[in-house]
Amino acid sequence: MPPAGRITGAEMPYYAKLTVILIAAFALVALVLFYFWYESNAVRVVRYKVKLPEGFRGFRIVQISDLHNHRYGRGQRRLLRLIQAERPDMIAVTGDMIHNEYTAHALTLAERAAGLCPVYYVSGNHECILSFCGEFYAALRDRGVVVLDDESRILTRGGSRIRLIGLSDPMSHEGLSGGRARRAAAAETLKKLAVGDEFRLLLSHRPEMFADYADVDLVLAGHAHAGQVRLPFVGAVFSPGEGFRPRYDVGRFTEGRTTMIVSGGLGSSNIVPRFNNRPQLVVIEGE
Numbered sequence: 004m005p006p007a008g009r010i011t012g013a014e015m016p017y018y019a020k021l022t023v024i025l026i027a028a029f030a031l032v033a034l035v036l037f038y039f040w041y042e043s044n045a046v047r048v049v050r051y052k053v054k055l056p057e058g059f060r061g062f063r064i065v066q067i068s069d070l071h072n073h074r075y076g077r078g079q080r081r082l083l084r085l086i087q088a089e090r091p092d093m094i095a096v097t098g099d100m101i102h103n104e105y106t107a108h109a110l111t112l113a114e115r116a117a118g119l120c121p122v123y124y125v126s127g128n129h130e131c132i133l134s135f136c137g138e139f140y141a142a143l144r145d146r147g148v149v150v151l152d153d154e155s156r157i158l159t160r161g162g163s164r165i166r167l168i169g170l171s172d173p174m175s176h177e178g179l180s181g182g183r184a185r186r187a188a189a190a191e192t193l194k195k196l197a198v199g200d201e202f203r204l205l206l207s208h209r210p211e212m213f214a215d216y217a218d219v220d221l222v223l224a225g226h227a228h229a230g231q232v233r234l235p236f237v238g239a240v241f242s243p244g245e246g247f248r249p250r251y252d253v254g255r256f257t258e259g260r261t262t263m264i265v266s267g268g269l270g271s272s273n274i275v276p277r278f279n280n281r282p283q284l285v286v287i288e289g290e
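Just so you know, we're using my numbering here: the sequence shown kicks off at 4 and counts up by one.
Next comes the structure, spelled out in structure tokens:
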């Protein structure tokens, strides 16, 4: 017999049972919501060391990719604090800064990042499919960002040179129909840009075009969002460029002379939330 005055589970009044169930359900929902908020907002800094020309030893590049106009605090201050702490010499933006017609958070980040160091940008598919793509490029330039629209620049440091190439997303080839034709056009454009005997650093949105980057030394890419959903022991489930079980989802890949670093991205472009896949701020340091 239970001690006098104690209510057993069987004797607990209905309203008390209902209260316990509701509290447990609320706690579970709150935990799930916090988890998905954390997975979408707790940025992880990922660092790589790469071989660069002698004069660029210690040169630090921060890569921003696939922001999709995501907001990291008022005035992007949480993300900007992380960027500033890395003391970058250059910021590389590899596409999909925006997702639709809303651009405010992306432009705020662009303007304040350009106050830290030179910022170089190439387009992603989400910019190219929007009718105001040209206006967005102009807004970036007005804020001090260098837009590399199928262009290259020579970077010099300590007597060494790097040819920085910006390859616009294949979707920018509006006169062509079909992904294969647009990709072929982008590959042909790259061949014309990858000239000279300097070290070649390519900014491109698309990691699935890795086979077309054979004339380049280092590629920075994005687009795949690290698969958006990553399962334990399986990895990335799907990417927009390669479909299910993508090969070039996130991380470092090497083939011949070419090394490609794929960012997991900072935002999300669809209704599927990030799962087991926190946003990434990529830092590359020359050695």
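Every residue, glycine too, gets a C-beta built ideally from N, C-alpha and C.
Whole-Å CB distance - residue i paired with residue j, under 8 angstroms assumed
i	j	result
Val125	Leu170	6 angstroms
Phe278	Arg233	7 angstroms
Leu119	Pro91	7 angstroms
Gly270	Gln283	With 8 angstroms as the limit, Gly270 and Gln283 do not qualify as a contact, their Cβ atoms being about 11 angstroms apart.
His208	Thr97	6 angstroms
Val285	Ile264	7 angstroms
Arg166	Phe202	7 angstroms
Per-residue burial, residue i [other beta carbons within 10 Å of its own, 16 or more giving buried]
i	result
Gly225	buried
Asp145	exposed
Gly230	buried
Arg115	buried
Residue i versus residue j: straight-line alpha-carbon distance, rounded
i	j	result
Arg84	Thr22	43 angstroms
Val219	Lys195	12 angstroms
Pro121	Leu36	37 angstroms
His102	Glu130	7 angstroms
Val198	Ala33	55 angstroms
Glu1	Ala141	Given that the chain is displayed from residue 4 to residue 290, the structure contains no residue 1 and the question cannot be resolved.
Gly178	Ile24	60 angstroms
Glu42	Ser134	31 angstroms
Glu211	Gly244	6 angstroms
Pro16	Ile26	16 angstroms
Ala28	Ile274	24 angstroms
Met174	Ala184	10 angstroms
Thr111	Met93	18 angstroms
Phe62	Ala30	47 angstroms
Glu57	Trp40	42 angstroms
Where the alpha helix (DSSP H) containing residue i begins and where it ends
i	result
Glu201	Note, Glu201: premise wrong, no alpha helix (DSSP H); not H, not E.
Tyr38	Tyr17 to Asn44
Tyr251	Per DSSP, Tyr251 belongs to no alpha helix (DSSP H) and is neither H nor E.
First and last residue of the uninterrupted beta strand (DSSP E) at residue i
i	result
Ala224	Leu221 to Ala224
beta-carbon residue i near the ligand NAP non-hydrogen atom, thresh 8 angstroms
i	result
Gly76	With respect to the ligand NAP, the structure offers nothing, as it holds no ligand at all.
### Segments assigned alpha helix (DSSP H), at least 4 residues, entirely inside the region 65-103
80-88
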